[in-house]
Amino acid sequence: MKQKPETYMLVFQRSMTFRNICGDLTFVSSGEIVPGVELLQEIPAMSGSPAIYELAMTLDGEHKVLIVLKSLVILCREQSPKSSANKTKTTHAHAG
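Each residue of the sequence shown is one higher than the one before, starting from 2 at the first, in our numbering.
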């Protein structure tokens, strides 16, 4: 049986607008909380490029994959019913 991927709550630290390849826009407000986000990839900072997350989530009723600067969002691990006694880990990157 396939194990469900770990999910996170995502908090945007500033308002952002995303554009897909068709030109459709998705606006996200500062402080908006999105549950059920899957972390597909965490790409570390390299010389000349900041750290980024590749995230899968549902926004406006549509499944989307977004690439965001790590310093502009906060990811909080969602607790599964089995591990509700475990401490929630928070991942936060400071701009700098």
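The beta-carbon is built from N, C-alpha and C at its ideal position, and this holds for glycine as well.
Computed from a predicted structure; not experimentally measured.
* On the three-state DSSP scale, how would you describe Gly97? -> Because Gly97 carries a pLDDT of 43, less than 50, the predicted location of this residue cannot be relied on, and no value is offered for it.
* Could you say if the segment 43-50 and the segment 14-23 meet the contact criterion of at least three C-beta pairs nearer than 8 Å? => no
* **Backbone CA spacing between Val38 and Leu70 [nearest angstrom]** => 15 Å
* Between Ser50, Cys77, Leu41 and Tyr54, which lies nearest to Ile68 when the distance is taken from Cα to Cα? -> Tyr54
* Classify Lys129 as helix, strand or coil using the three-state DSSP reduction. => This structure does not reach residue 129, given that the chain is present from 2 up to 97, and the question cannot be answered.
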